[in-house]
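See structure below.
Number of protein chains: 2
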Amino acid sequence: MANALTGFAALSDPTRQQIFDRLSRRALAVGELAEGLPVTRSAVSQHLKVLKDAGLVVSRTEGTRNIYRVDPKGVAAMRDYLDRFWQRALASFKDEVEREDAW
Amino acid sequence: MANALTGFAALSDPTRQQIFDRLSRRALAVGELAEGLPVTRSAVSQHLKVLKDAGLVVSRTEGTRNIYRVDPKGVAAMRDYLDRFWQRALASFKDEVEREDAW
DNA sequence: CTCATCCGTAAGCCGATACTAACCGTTAGT
DNA sequence: ACTAACGGTTAGTATCGGCTTACGGATGAG
Chain V
13 MANALTGFAA
23 LSDPTRQQIF
33 DRLSRRALAV
43 GELAEGLPVT
53 RSAVSQHLKV
63 LKDAGLVVSR
73 TEGTRNIYRV
83 DPKGVAAMRD
93 YLDRFWQRAL
103 ASFKDEVERE
113 DAW
Chain G
13 MANALTGFAA
23 LSDPTRQQIF
33 DRLSRRALAV
43 GELAEGLPVT
53 RSAVSQHLKV
63 LKDAGLVVSR
73 TEGTRNIYRV
83 DPKGVAAMRD
93 YLDRFWQRAL
103 ASFKDEVERE
113 DAW
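As they're listed, the protein sequences go chains V and G. Sequential numbering of the first sequence, starting at 13, is according to the numbering used here. Sequential numbering of the second sequence, starting at 13, is according to the numbering used here.
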């Protein structure tokens with residue numbers, strides 16, 4: 013994937029979040045994905061491009077159909093990225109975090 | 013925080029990513045944050061509101077200064093959210109491979 | 001070959017949002 | 001009380017981004 017930062021932008025849109033959620037359960041073709049979504053198939057295709065460029069999904073071609081699934085590696089990269097921030101934030105404020113209402 | 017989804021939107025902007033990165037290293041006042049950023053203090057203040065509403069930062073007042081820091085709980089919520097997707101994608105991937113192969 | 005299916009892309013519209021400038025309330029120091 | 005420092009808010013503008021429509025390329029069935 014490009015980097016974890018583009019991943020946040022990719023998941024910032026509600027429609028893409030919905031697409032991503034459905035893909036995380038099982039692989040789907042573009043047309044299948046478009047059914048049940050309040051947008052056209054064209055919009056879905058554009059969203060899939062964003063998710064793919066961010067490294068969050070991969071696709072394979074089966075005849076005329078393009079089937080997408082979530083790429084666990086991309087998700088792991090974002091999770092690990094956040095984990096570094098989490099640890100860094102904890103390290104610089106170890107004292108305050110223990111007192112819930114200090115801030 | 014509101015939910016993990018608003019967190020992604022909050023971190024989708026490059027300027028907010030930069031703000032968040034600097035805050036994760038140490039707590040900073042708004043003015044300190046604005047120095048070294050290519051935008052005005054006003055813009056920084058607006059970005060901080062978005063990050064705060066998303067539960068990613070918290071603030072405390074010290075005289076006339078408002079000091080912000082990263083909230084580890086908000087970061088952990090997003091990380092855990094991604095972790096669920098990661099596990100789900102792995103399980104789904106495993107199922108797909110069993111009935112078809114070669115992605 | 002013909003035709004239908006499937007999907008990506010281009011153009012354009014329109015709402016969302018990141019930004020600056022200006023203003024105002026609060027606090028601290030003299 | 002006056003003034004300066006600090007920062008949140010508003011108004012206005014410009015750019016960005018998600019959407020639809022229309023189109024074109026690729027594959028498969030007949």
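Just so it is clear, CB atoms sit at the ideal spot from N, CA and C, and this is done for glycine as well. This one's a predicted model, so the numbers in the text were calculated from it and none came from an experiment.
Asked: Applying the 10 Å Cβ sphere with the 16-neighbour rule, what's the burial state of R83/V?; Found: The question names Arg, yet the displayed sequence has Asp at residue 83/V. D83/V should be labelled buried.
Asked: With DSSP as the reference, please indicate the residues paired to E74/V in a beta bridge.; Found: R77/V
Asked: With 9 Å as the threshold, decide whether the Cβ of P26/V is near any Cβ in chain G.; Found: yes
Asked: Report back the beta-carbon spacing between H59/V and R81/V to the nearest angstrom; my notes put them in contact at under 8 Å.; Found: Not a contact, Cβ separation roughly 15 Å.
Asked: Within the stretch 20–93 of chain G, note down every full alpha helix (DSSP H) run reaching 4 residues or more, in order along the chain.; Found: 26–37, 42–46 and 53–65
Asked: Note down, in chain order, every chain V residue with its Cβ under 7 Å from the Cβ of V87/G.; Found: L94, F97, W98 and A101
Asked: Is the stretch 14–28 of chain V touching the stretch 63–80 of chain V in the sense that three or more CB pairs, one from each, lie closer than 8 Å?; Found: yes
Asked: When we look at the beta-carbon of K19/V and count the other beta-carbons within 10 Å, is it buried (16 or more) or exposed?; Found: Going by the sequence as given, residue 19/V is Gly instead of Lys. Buried: at least 16 other Cβ atoms inside 10 Å.
Asked: Is L40/V closer than 9 Å to A101/G when the C-beta atoms are compared?; Found: no
Asked: So with Cβ pairs under 9 Å, would you call A21/V a contact of chain G?; Found: yes
Asked: As a quick exercise: from G86/G, T73/G and F97/G, pick the residue whose alpha carbon is nearest that of A89/V.; Found: F97/G
Asked: Whose C-alpha, out of D92/G, S54/G, R38/G and K61/G, is nearest the C-alpha of S104/V?; Found: R38/G
Asked: Hey, out of D92/G, S24/G, Q30/G and Q99/G, whose CA is closest to V56/G's CA?; Found: Q30/G
Asked: For A16/G, which of helix, strand or coil comes out of DSSP?; Found: helix
Asked: Does the beta carbon of D33/V sit closer than 9 Å to a beta carbon anywhere in chain G?; Found: yes
Asked: Which chain G residues are close to Q29/V, counting only those with a beta carbon under 8 Å from its beta carbon?; Found: L17 and F20
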